[in-house]
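To start, the structure itself, in structure tokens.
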Ligand SMILES: Nc1ncnc2c1ncn2[C@@H]1O[C@H](COP(=O)(O)OP(=O)(O)OP(=O)(O)O)[C@@H](O)[C@H]1O
Ligand SMILES: [Mg+2]
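In our numbering, the protein residues as written are 13 to 240.
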């Protein structure tokens, strides 16, 4: 397997300015390679979401830089960063934000339409194939309100993976799932990494799930306390 660095934080510190500045993360040095599946763990308030937002180019470091495939993304303007996100990144959050007026299939088709690389028929075929990978093909025409929490989360993950992103970032993706559905989500992530060579960074507080990844990065008060 190709193990070149995909995403790297180099000397990253993020401070929220204000009368009382808040430091979200300090001196983060982290390299995640292609095909790696890692967990970010740590106590509440330790900076896990802040780090994920920085790796996902949703936030910008105050000091240091985020590199994607060796290129410094922090030097890019917001528009170029947004383009990069759309082309290479997929996000999964604890609370899925499926659009209620679209079916499962319609929701999965949205990012592909936005990217504009495929025609409508190909988009639908690809979206159905993705739903099938998640065991959701029979639910393609259901609205979110007609799905269970676990089913919605699977649709949300299928949507996050719609453009086959090189990097998948997930913040507590199993936080509102029962253990069976949570395990299924982790099995899917592992498959994405090991079969497709996608890189997966997942924030979780569930230790038995974190142990199933290739590497755990532990944060303590905004710093990396352990890596490996
Ligand atoms: N907008 C903000 N203004 C002030 N402080 C903030 C802001 N966002 C985050 N923080 C603080 O920064 C620290 C890191 O927050 P972060 O959300 O990254 O933690 P976390 O590890 O994801 O926690 P949790 O497990 O509870 O989700 C926390 O102490 C938090 O209170
Ligand atoms: Mg968080």
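Even for Gly, the Cβ is constructed at its ideal location relative to N, Cα and C.
Residue i versus the options, residue with shortest Cα-Cα distance
{"i": "residue 33", "options": "15, 74 and 129", "result": "74"}
{"i": "residue 95", "options": "108, 213, 115 and 80", "result": "80"}
{"i": "residue 214", "options": "155, 122, 151 and 65", "result": "65"}
{"i": "residue 105", "options": "60, 232 and 147", "result": "60"}
{"i": "residue 100", "options": "227, 233 and 212", "result": "212"}
{"i": "residue 107", "options": "15, 135, 220 and 183", "result": "183"}
Residue i versus residue j: straight-line alpha-carbon distance, rounded
{"i": "residue 40", "j": "residue 239", "result": "11 Å"}
{"i": "residue 210", "j": "residue 86", "result": "22 Å"}
{"i": "residue 71", "j": "residue 160", "result": "32 Å"}
{"i": "residue 49", "j": "residue 204", "result": "9 Å"}
{"i": "residue 236", "j": "residue 149", "result": "41 Å"}
{"i": "residue 139", "j": "residue 174", "result": "7 Å"}
{"i": "residue 25", "j": "residue 77", "result": "9 Å"}
{"i": "residue 83", "j": "residue 158", "result": "43 Å"}
{"i": "residue 225", "j": "residue 27", "result": "30 Å"}
{"i": "residue 20", "j": "residue 46", "result": "11 Å"}
{"i": "residue 93", "j": "residue 69", "result": "7 Å"}
For residue i, the three-state DSSP class (helix, strand or coil)
{"i": "residue 15", "result": "coil"}
{"i": "residue 39", "result": "strand"}
{"i": "residue 182", "result": "strand"}
{"i": "residue 85", "result": "helix"}
{"i": "residue 233", "result": "coil"}
Short Cβ contact (9 Å threshold) for residue i with residue j
{"i": "residue 229", "j": "residue 55", "result": "no"}
{"i": "residue 166", "j": "residue 196", "result": "yes"}
{"i": "residue 178", "j": "residue 18", "result": "yes"}
{"i": "residue 116", "j": "residue 155", "result": "yes"}
Q: When you get a sec, list the residues whose CB is within less than 7 Å of any heavy atom of ligand 2, chain order please.
A: 60, 61, 183, 184 and 215
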